[in-house]
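Input: a single structure, listed below in C-alpha coordinates.
In my numbering, the protein residues as written are -15 to 127.
Given below as C-alpha coordinates:
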(Lines of atoms letter the chains of each structure in order from A and count residues from 1; the text may use other names and numbers.)
(Lines give C-alpha, C1' and ligand atoms only; values in the text may rest on other atoms or scores of the structure.)
Protein backbone atom coordinates (compact mmCIF):
# COMPACT_ATOMS: atom_id res chain seq x y z
CA UNK A 1 0.00 0.00 0.00
CA UNK A 2 1.04 3.56 -0.65
CA UNK A 3 -0.05 6.72 1.11
CA UNK A 4 -1.10 10.05 -0.30
CA UNK A 5 -3.41 13.02 0.04
CA UNK A 6 -6.74 13.78 -1.57
CA UNK A 7 -6.29 16.49 -4.20
CA UNK A 8 -9.97 16.83 -5.03
CA UNK A 9 -13.09 14.72 -4.60
CA UNK A 10 -16.69 15.32 -5.67
CA UNK A 11 -18.91 13.52 -3.17
CA UNK A 12 -21.95 13.78 -5.47
CA UNK A 13 -20.22 12.45 -8.58
CA UNK A 14 -18.38 9.90 -6.48
CA UNK A 15 -14.85 10.37 -7.73
CA UNK A 16 -11.71 12.47 -7.48
CA UNK A 17 -7.92 12.23 -7.36
CA UNK A 18 -5.18 11.61 -4.81
CA UNK A 19 -1.48 12.52 -4.99
CA UNK A 20 0.82 9.68 -3.85
CA UNK A 21 3.43 10.72 -1.26
CA UNK A 22 6.17 9.09 -3.34
CA UNK A 23 5.41 11.43 -6.24
CA UNK A 24 4.33 10.59 -9.72
CA UNK A 25 0.98 10.89 -11.39
CA UNK A 26 -2.20 11.56 -9.40
CA UNK A 27 -4.39 8.47 -9.11
CA UNK A 28 -8.11 8.22 -9.75
CA UNK A 29 -10.24 7.66 -6.63
CA UNK A 30 -13.74 6.19 -7.00
CA UNK A 31 -16.34 5.97 -4.25
CA UNK A 32 -16.75 2.22 -4.85
CA UNK A 33 -13.13 1.65 -3.78
CA UNK A 34 -13.50 3.47 -0.42
CA UNK A 35 -13.51 1.30 2.70
CA UNK A 36 -15.01 4.14 4.80
CA UNK A 37 -17.67 6.86 4.59
CA UNK A 38 -17.29 9.05 1.50
CA UNK A 39 -18.22 12.12 3.56
CA UNK A 40 -14.73 11.96 5.09
CA UNK A 41 -13.00 12.41 1.72
CA UNK A 42 -12.00 16.06 1.46
CA UNK A 43 -8.92 17.78 0.00
CA UNK A 44 -5.86 17.16 2.15
CA UNK A 45 -7.17 14.01 3.86
CA UNK A 46 -4.48 11.34 4.05
CA UNK A 47 -5.24 7.97 2.49
CA UNK A 48 -3.57 4.61 2.10
CA UNK A 49 -4.37 2.59 -1.00
CA UNK A 50 -3.16 0.14 -3.63
CA UNK A 51 -2.49 1.43 -7.13
CA UNK A 52 -3.79 -0.45 -10.15
CA UNK A 53 -3.74 0.26 -13.86
CA UNK A 54 -7.30 1.20 -14.81
CA UNK A 55 -8.92 1.66 -18.23
CA UNK A 56 -7.90 5.34 -18.26
CA UNK A 57 -4.73 5.36 -16.15
CA UNK A 58 -3.71 4.80 -12.54
CA UNK A 59 -6.53 3.98 -10.12
CA UNK A 60 -6.59 3.66 -6.33
CA UNK A 61 -8.17 0.56 -4.82
CA UNK A 62 -8.84 -0.71 -1.28
CA UNK A 63 -8.73 2.89 -0.06
CA UNK A 64 -8.48 3.49 3.69
CA UNK A 65 -7.93 6.54 5.84
CA UNK A 66 -4.20 6.67 6.54
CA UNK A 67 -3.08 6.34 10.12
CA UNK A 68 -2.10 9.71 11.52
CA UNK A 69 1.55 9.96 12.40
CA UNK A 70 1.77 10.81 16.06
CA UNK A 71 4.57 13.08 17.16
CA UNK A 72 5.93 12.47 20.64
CA UNK A 73 4.92 15.15 23.10
CA UNK A 74 7.42 16.25 25.70
CA UNK A 75 6.64 17.61 29.14
CA UNK A 76 6.74 21.15 27.78
CA UNK A 77 3.97 20.28 25.34
CA UNK A 78 1.58 19.06 28.03
CA UNK A 79 -1.79 20.78 27.85
CA UNK A 80 -2.81 23.24 30.50
CA UNK A 81 -5.71 25.61 30.96
CA UNK A 82 -3.37 28.46 30.03
CA UNK A 83 -2.63 26.87 26.63
CA UNK A 84 -6.33 26.86 25.77
CA UNK A 85 -6.42 30.66 26.05
CA UNK A 86 -3.55 31.08 23.53
CA UNK A 87 -5.26 33.46 21.07
CA UNK A 88 -4.81 36.89 19.55
CA UNK A 89 -8.44 37.71 20.19
CA UNK A 90 -11.86 36.12 20.06
CA UNK A 91 -11.92 33.28 17.56
CA UNK A 92 -8.32 33.74 16.38
CA UNK A 93 -6.08 30.83 17.26
CA UNK A 94 -2.35 31.43 17.39
CA UNK A 95 -0.28 29.21 15.08
CA UNK A 96 0.56 25.97 16.86
CA UNK A 97 -2.21 26.36 19.43
CA UNK A 98 -4.92 23.75 19.74
CA UNK A 99 -8.27 23.38 21.44
CA UNK A 100 -10.09 20.40 22.87
CA UNK A 101 -12.56 18.44 20.76
CA UNK A 102 -15.46 19.74 22.90
CA UNK A 103 -14.36 23.38 22.58
CA UNK A 104 -14.03 23.03 18.82
CA UNK A 105 -17.41 21.32 18.37
CA UNK A 106 -19.16 23.87 20.60
CA UNK A 107 -17.70 26.77 18.64
CA UNK A 108 -18.38 25.42 15.16
CA UNK A 109 -21.92 24.43 16.15
CA UNK A 110 -22.64 28.02 17.22
CA UNK A 111 -21.04 29.38 14.04
CA UNK A 112 -23.05 27.00 11.84
CA UNK A 113 -26.31 27.83 13.60
CA UNK A 114 -25.60 31.53 13.20
CA UNK A 115 -24.48 31.30 9.56
CA UNK A 116 -27.15 28.85 8.38
CA UNK A 117 -30.19 29.02 10.66
CA UNK A 118 -32.29 26.97 8.24
CA UNK A 119 -29.83 24.05 8.14
CA UNK A 120 -31.23 20.80 9.41
CA UNK A 121 -29.76 18.95 12.37
CA UNK A 122 -28.55 16.31 9.89
CA UNK A 123 -26.75 19.02 7.88
CA UNK A 124 -25.10 20.42 11.01
CA UNK A 125 -23.95 16.98 12.18
CA UNK A 126 -22.54 16.14 8.73
CA UNK A 127 -20.66 19.43 8.45
CA UNK A 128 -19.35 19.16 12.03
CA UNK A 129 -18.06 15.64 11.36
CA UNK A 130 -16.11 16.76 8.28
CA UNK A 131 -14.74 19.88 9.94
CA UNK A 132 -13.67 17.92 13.02
CA UNK A 133 -11.88 15.30 10.89
CA UNK A 134 -9.98 18.06 9.10
CA UNK A 135 -9.12 19.86 12.36
CA UNK A 136 -7.81 16.64 13.91
CA UNK A 137 -5.76 15.87 10.77
CA UNK A 138 -4.20 19.35 10.97
CA UNK A 139 -3.48 19.02 14.69
CA UNK A 140 -5.76 21.92 15.63
CA UNK A 141 -7.83 19.75 17.97
CA UNK A 142 -6.62 17.57 20.81
CA UNK A 143 -8.52 14.81 22.58
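In this text, a Cβ means the ideal position worked out from N, Cα and C, and glycines have one as well.
query: Mark residue 31 as exposed unless 16 or more other C-beta atoms lie within 10 angstroms of its C-beta, in which case mark it buried.; result: buried
query: Is residue 89 closer than 9 Å to residue 49 when the C-beta atoms are compared?; result: no
query: Let's see if you can read the secondary structure: which residues bound the beta strand (DSSP E) around residue 30?; result: 30 to 38
query: Would you tell me roughly how many angstroms separate the C-alpha atoms of residue 42 and residue 7, rounded to the nearest one?; result: 13 Å
query: When the Cα of residue 36 is compared with those of 47, 27, 28, which residue comes out closest?; result: 47
query: Please classify residue 2 as buried or exposed, where buried requires at least 16 neighbouring CB atoms within 10 angstroms.; result: buried
query: Using a Cβ-Cβ cut-off of 8 Å (strictly less than) and excluding sequence neighbours within five positions of residue -6, which residues of its own chain qualify?; result: 0
query: Which residue's Cα is closest to the Cα of residue 10: -13, 20, 98, 22?; result: -13
query: Which of the three DSSP states, helix, strand or coil, is assigned to residue 86?; result: helix
query: Can you tell me which residues form a DSSP beta bridge with residue 47?; result: 18
query: Count the other C-beta atoms from every protein chain shown that fall within 10 angstroms of the C-beta of residue 12, then say buried if there are 16 or more, exposed otherwise.; result: buried
query: Taking the continuous beta strand (DSSP E) assigned at residue -7, which residues delimit it?; result: -14 to -6
query: Would residue 117 and residue 29 qualify as a contact pair, given that the criterion is a beta-carbon distance under 9 Å?; result: yes
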